[in-house]
Amino acid sequence: SLALAGTIIEGASLTFSVLTTILDALGSVSRKIDVGVYNE
1 SLALAGTIIE GASLTFSVLT TILDALGSVS RKIDVGVYNE
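1 is the number of the first residue of the sequence shown in UniProt numbering; add one for each residue after it.
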């Protein structure tokens, strides 16, 4: 039971780190788009 909880927590933290990475990537892309639009 405790091991299962640990596995769930590990999975959740891994998912969270992946989501954070994706959000960072999307944020940098949208900033590049904003700059590109602003420069035109």
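Yeah, the Cβ is synthetic: ideal placement off N, Cα and C, and Gly gets one too.
Just so we're clear, the structure is a prediction, and the values are computed from it rather than from any experiment.
When the Cα atoms are used, D24 and L4 turn out to be separated by approximately 30 Å. In the three-state reduction of the DSSP assignment, S1 falls in the coil class. Straight across, the Cα-Cα distance linking I22 with L2 is about 30 Å.
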